[in-house]
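In the numbering used here, the protein residues as written are 3 to 668.
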C-alpha cells in the first residue's frame with residue numbers, strides 16, 4: 003500500500019485527505035493505511051490545521067439573506083418545495099453524504115488514542131481544545147442530517163471497504179438517538195474546549211459555541227417531537243417507516259416515552275442556553291429614541307451604534323455577543339463582496355408579512371388601538387416609531403449608504419435609491435420593494451468588486467436568550483424569572499417597551515396569521531404567549547438562517563396544504579407607484595407583465611405577475627416536504643441485486659423509492 007509522505011506543511015496532508023474522501027460515493031471511505039502517515043496528527047499545530055480546515059461547513063451570516071424562500075424573505079424566483087409535485091426524488095447525491103463525518107471520524111479515532119497515551123506533542127489543554135473542536139464539528143454535521151433527513155446512521159469510526167460492513171453501517175437510527183448522539187458529542191466538546199480559543203480570539207470555536215449549539219439542537223428535537231407526535235415523522239409514530247426494518251421494529255425511547263424525550267431535550271436546551279446567556283451580555287443599542295432625524299444624522303448615529311456595527315465591522319473581536327466570526331484580510335488576499343452585496347440585495351427582499359409582524363416601539367402590534375402606526379403608503383411611514391430592529395435595518399429611499407467616499411468603492415451606492423422592483427439595474431434587484439440594510443458598511447473603500455474584508459458572524463449569544471425563553475415555555479407552559487429577564491433584555495436592546503404582556507394582550511392571532519406562518523403548529527393556532535415568543539425570535543434573527551429550521555420544527559406549514567400563501571412585498575399600488583414610469587408598470591399581459599395586477603392586491607405579489615409561474619396561485623405545501631427525500635442511488639448500492647426493498651435504508655414519509663417522482667399520499 004502507498005503512503006503519503008508529508009515533508010513540510012501539514013495542510014498538504016489535510017488537502018489530500020479531503021481529496022480522497024470526496025472521491026468516494028459510498029460512505030466516502032478510503033483505507034486508513036492509504037491516506038495517513040504515521041508522522042501526521044502527532045503535534046498540536048497539525049491538529050489545529052486539520053480542525054480549521056473543516057470550518058467550511060459552518061454557516062456565516064454574510065449578506066443576511068439566509069432566510070430566503072420562507073415567509074420572512076423572498077426572491078424573484080421561488081423554491082420548488084412550495085410547489086408540490088415539483089420537488090422530486092433524486093437519482094443520486096442529496097443529503098445522504100458522509101464526507102464531513104468521515105473527516106471527523108478519522109481525526110477522532112486517530113487522535114484520541116494518541117492523546118490518551120501521551121503521544122501528541124504540545125500543551126495538553128490546547129490539544130484537548132482541538133479535539134473538542136472536532137467533536138463539535140461532527141455534531142454540527144450530524145445536526146444538518148437530522149434537520150433534513152430525521153433518522154440517520156450513527157457512524158463513529160472510519161470503516162473497512164467491505165460491503166457487508168458498509169451495508170450494516172447504513173442502518174438508519176431513530177432521530178431521537180441521533181439527537182442524543184449529537185448532544186453527547188457536544189458534551190465532549192464542552193468538557194474539552196476552553197472558554198477562550200488557544201489563539202486568544204473568536205475566529206476559533208470556544209466552549210460557549212458548543213453550549214449554544216447544544217441548546218439549538220435540543221430545542222429543535224424537543225419541539226419537533228412535540229409537534230410531530232402521532233405522525234410518521236417521529237419514531238414509533240403511526241406508519242413510521244423505521245418500523246418496516248427489523249432493526250428498528252422494537253425500538254423504545256431511552257426515557258420510556260415520547261413525552262419523556264420531549265422533557266429531556268427541552269431541559270437540556272434550557273440548561274445549555276442559560277450557561278451562555280448568563281455569561282455573555284448583549285451588545286448595546288444606542289439608537290432607541292426613534293427621533294426623526296436627517297439622513298446624515300441617522301447614518302452618523304448608526305455608524306457609532308455598537309448594535310448596528312456588530313454586523314458590519316472588519317474586526318468583531320470586541321463585541322461580547324459575538325461568539326464566533328470569520329475574519330478576512332485584504333493584505334493576505336482573503337476578501338469578500340459582502341459590503342456591496344448588502345447594498346445591492348440582488349434578487350431578494352423582506353416580505354410584507356415579515357414587516358407587519360414587528361411591533362411599535364410602545365410594544366403594541368400595528369393594528370392595535372393606540373399603536374400610532376403611520377401606515378404603509380410610504381416606506382418612511384412603515385419605519386416610523388417601530389421596533390428598533392426594523393427602524394435600523396429597513397432601508398428607505400434617500401438614506402445615506404456611504405459616509406466615507408473612496409475611489410476604491412467601484413460598487414458603492416452612496417444613496418439608497420427607490421426599490422428596483424423591475425430589475426432595471428440588474429445588480430440592484432429588489433423584488434419585494436423592501437430593502438434590508440442590516441450589515442450596511444459606510445466605508446466606500448470596502449465596496450470594490452470583491453475587495454471587502456468585513457467580518458461575518460457564525461454564532462452570537464442572543465440566540466441563547468431566545469432558546470431559553472422558548473424552551474422554558476414549551477416545557478413548563480409558563481415563564482420563569484430567568485425567561486422573563488431574558489425577554490426584557492432582548493426587547494430593551496431593540497428599543498421596544500419591555501412590558502411584553504402588553505404585546506401579548508393586544509395580539510390578534512387571526513390578523514397575525516395573515517402575516518406569520520409561526521402562528522400555526524400542526525395546522526392549529528398556538529396560544530398568544532407562544533406566538534409572541536416566536537415573533538420575538540424572528541424579529542431578532544433577521545436573515546441569519548434559522549427561519550426554515552424553526553418553521554420545520556414547529557410544523558408551521560401544514561396550513562399551506564389547504565390555504566395557499568401569496569408572497570407580498572410593499573404597497574406598490576398606492577402613492578409609491580409614482581416612483582416609477584407608469585408605462586413600465588405593466589400587468590395582465592401574460593409573460594410581458596412586469597408587476598402584479600392591482601385587482602389582486604394593492605401589494606406587489608412577486609410570484610403572481612405571469613400566469614405561467616408555477617407559484618402564481620400561491621405557495622403550497624405537502625407533509626412529505628418536512629423531510630428531504632433520499633436519492634435512489636443510496637438504496638441501490640446497499641441493496642441485494644438492485645432490489646431497493648432489500649436495502650437497510652428506508653425512505654422518508656411520503657417519498658417514493660423512484661427517481662424523479664414526487665411525494666405520494668401526502
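Ideal Cβ placement from N, Cα and C applies to all residues, glycine included. Just so we're clear, the structure is a prediction, and the values are computed from it rather than from any experiment.
Hey, would you say residue 249 sits closer than 8 Å to residue 147, going by beta carbons?
-> The residue given as residue 249 occupies position 247 in the chain shown. The residue given as residue 147 occupies position 145 in the chain shown. No.
Going by alpha carbons, who is nearest to residue 64 out of 582, 459, 570?
-> Translated into positions along the chain shown, residue 64 becomes position 62. Out of 582, 459, 570, 459 has the C-alpha closest to the C-alpha of residue 64.
When DSSP builds the beta bridges, which residues end up paired with residue 570?
-> The residue you call residue 570 lines up with position 568 of the chain shown. BP columns for residue 570 point to 607.
Could you tell me whether the region 166-183 touches the region 248-266, where touching means 3 or more Cβ pairs closer than 8 Å?
-> Here the region 166-183 lies against the region 248-266, with 3 or more beta-carbon pairs under 8 Å apart.
Which stretch, first to last residue, makes up the beta strand (DSSP E) that contains residue 327?
-> In the chain shown, residue 327 corresponds to position 325, counting from 1. Note, residue 327: beta strand (DSSP E), 324-328.
Within the region 256-330, ranges of the alpha helix (DSSP H) (whole runs, at least 4 residues) = The region 256-330 contains these whole alpha helix (DSSP H) runs: 260-279, 297-305, 308-311.
Nearest-angstrom Cβ-Cβ length linking residue 572 and residue 435, presumed shorter than 8 Å | Position 570 of the chain shown, counting from 1, holds the residue named residue 572. Position 433 of the chain shown, counting from 1, holds the residue named residue 435. Contact flag correct, Cβ pair sits at about 3 Å.
Whose C-beta lies closer than 7 Å to the C-beta of residue 566 among residues of the same chain, with five residues either side of it excluded?
-> Position 564 of the chain shown holds residue 566. Listed in chain order, the non-local C-beta contacts of residue 566 below 7 Å within the same chain comprise 619, 620, 621, 622, local neighbours out to five positions each way being set aside.
Might you give, ordered along the chain, the residues of its own chain that have their beta carbon closer than 6 Å to the beta carbon of residue 429, omitting 5 neighbours on each side?
-> Here residue 429 is taken as the residue at index 427 of the chain shown, counted from 1. Leaving aside the five residues that flank residue 429 on each side, the residues in its chain whose CB is nearer than 6 Å to its CB run, in chain order, 346, 348.
For residue 638 and residue 644, the rounded distance between their alpha carbons | Counted from its first residue, the chain shown places residue 644 at position 642. Counted from its first residue, the chain shown places residue 638 at position 636. Their Cα atoms are separated by approximately 5 Å.
What is the C-beta distance between residue 239 and residue 631, in whole angstroms, given that I count them as a contact (C-beta under 8 Å)?
-> Taking the chain shown and counting its residues from 1, the one referred to as residue 239 is at position 237. Taking the chain shown and counting its residues from 1, the one referred to as residue 631 is at position 629. The pair is not a contact, with the Cβ atoms about 18 Å apart (cut-off 8 Å).
Per DSSP, which residues does residue 673 bridge with? Please list them.
-> Residue numbering for the chain in the displayed model covers 3 to 668; residue 673 lies beyond these limits and cannot be assessed.
Could you give the distance in angstroms between the alpha-carbon of residue 213 and the alpha-carbon of residue 529?
-> The residue you call residue 213 lines up with position 211 of the chain shown. The residue you call residue 529 lines up with position 527 of the chain shown. C-alpha of residue 213 to C-alpha of residue 529: approximately 29 Å in a straight line.
So residue 652 packs on residue 247, CB below 8 Å; how close in whole Å?
-> Mapped onto the chain shown, residue 652 falls at position 650. Mapped onto the chain shown, residue 247 falls at position 245. At roughly 6 Å, the Cβ-Cβ gap stays under 8 Å, so residue 652 and residue 247 are in contact.
Chain-order list of residues whose beta-carbon lies under 6 Å from that of residue 648 (same chain, five-residue window excluded) | The residue labelled residue 648 in the question sits at position 646 within the chain shown. Residues 641, 642 of the same chain have their beta carbon placed closer than 6 Å to that of residue 648, with the five preceding and five following residues left out of the count.
Terminal residues of the alpha helix (DSSP H) in which residue 414 lies = In the chain shown, residue 414 corresponds to position 412, counting from 1. In this chain, residue 414 is not harboured by any alpha helix (DSSP H), its DSSP state being neither H nor E.
Can you round the beta-carbon distance between residue 505 and residue 490 to whole angstroms, since I take them to be within the 8 Å contact cut?
-> As a working note, residue 505 is residue 503 in the chain shown. As a working note, residue 490 is residue 488 in the chain shown. Their Cβ separation, rounded to whole angstroms, is 12 Å, which puts residue 505 and residue 490 out of contact at 8 Å.
With a cut-off of 8 Å, do at least 3 Cβ pairs link the region 194-208 to the region 326-340?
-> Taking 8 Å as the limit for Cβ pairs, the verdict is that the region 326-340 does touch the region 194-208.
Any Cβ of chain D within less than 8 Å of the Cβ of residue 622?
-> Absent from the structure is chain D; it holds one protein chain and no more.
Coil, strand or helix - residue 462 by DSSP = As a first step, residue 462 must be located in the chain shown, where it is residue number 460. Of the three classes helix, strand and coil, the one that applies to residue 462 here is strand, per DSSP.
Would you kindly report the start and end of the unbroken beta strand (DSSP E) that includes residue 132?
-> Here residue 132 is taken as the residue at index 130 of the chain shown, counted from 1. Unbroken run through residue 132 is the alpha helix (DSSP H), 126-151; no beta strand (DSSP E).
Exposed or buried, which one is residue 31 when buried takes at least 16 other CB atoms within 10 Å?
-> By one-based count along the chain shown, residue 31 stands at place 29. Summary for residue 31: the model assigns pLDDT 38, below 50, so the residue's position carries little reliability; its value from the coordinates is reported in the next sentence. Counting Cβ neighbours within 10 Å, residue 31 comes out buried, since at least 16 surround it.
Mind checking residue 550: buried by the 16 CB within 10 Å criterion, or exposed?
-> For this step, residue 550 is matched to residue 548 along the chain shown. Taking a 10 Å sphere around the C-beta of residue 550, we find 16 or more other C-beta atoms and assign the residue as buried.
Please confirm whether residue 2 and residue 292 have their CB atoms less than 8 Å apart.
-> Any answer about residue 2 is impossible in this case: the structure gives the chain only from 3 up to 668.
Anyone know if the C-beta pair for residue 297 and residue 401 falls short of 8 Å?
-> One-based indexing of the chain shown puts residue 297 at position 295. One-based indexing of the chain shown puts residue 401 at position 399. Residue 401 sits close to residue 297, with the two beta carbons spaced by under 8 Å.
Counterpart residues of residue 445 in DSSP-defined beta bridges | Along the chain shown, one-based indexing puts residue 445 at 443. As computed with DSSP, residue 445 is found in a beta bridge with 406.
CA nearest to the CA of residue 167, picked from 658, 650, 77 | Here the question's residue 167 lines up with position 165 in the chain shown. Checked all of 658, 650, 77; the closest Cα to residue 167 is 650.
In chain order, what residues of the same chain have a beta carbon less than 7 Å from the beta carbon of residue 117, not counting five sequence neighbours either side?
-> Residue numbering aside, residue 117 sits at position 115 when the chain shown is read from its first letter. If we look at residue 117 and ignore the five residues flanking it on each side, its Cβ neighbours are 129, 133.
Considering only residues of the region 56-94, which uninterrupted beta strand (DSSP E) runs meet the minimum length of 3 residues and lie entirely inside it, listed in chain order?
-> Segments of the beta strand (DSSP E) lying fully in the region 56-94: 75-77.
Ignore the nearest five residues each way along the sequence and tell me which others in residue 664's own chain have a CB closer than 6 Å to its CB.
-> As a first step, residue 664 is located in the chain shown; it is residue number 662 there, counting from the start. Spatial neighbours of residue 664 in its own chain (CB-CB distance under 6 Å, excluding positions within 5 residues in sequence) are listed in chain order as 87, 90.
Can you list, in chain order, the residues of its chain whose CB lies under 6 Å from that of residue 473, leaving out five sequence neighbours each side?
-> Along the chain shown, read from residue 1 onward, the residue named residue 473 stands at position 471. Residues 221, 268, 271, 272 of the same chain have their beta carbon placed closer than 6 Å to that of residue 473, with the five preceding and five following residues left out of the count.
Should the region 104-113 be regarded as contacting the region 156-170, the criterion being three or more beta carbon pairs within less than 8 Å?
-> Enough Cβ pairs lie closer than 8 Å, so yes.
Are residue 587 and residue 596 close, meaning C-beta to C-beta below 8 Å?
-> Position 585 of the chain shown holds residue 587. Position 594 of the chain shown holds residue 596. Yes. Within cutoff.
Thinking residue 539 and residue 468 are a contact (beta carbons under 8 Å), I'd like their distance in whole angstroms, please.
-> In the chain shown, residue 539 corresponds to position 537, counting from 1. In the chain shown, residue 468 corresponds to position 466, counting from 1. The Cβ separation is near 5 Å, so the contact holds.
At least 3 beta-carbon pairs within less than 8 Å: the region 350-359 vs the region 474-483 = Contact between the region 350-359 and the region 474-483 is not established, with fewer than three Cβ pairs separated by less than 8 Å.
First and last residue of the alpha helix (DSSP H) that includes residue 108?
-> Your numbering for residue 108 matches position 106 in the chain shown. Residues 101-118.
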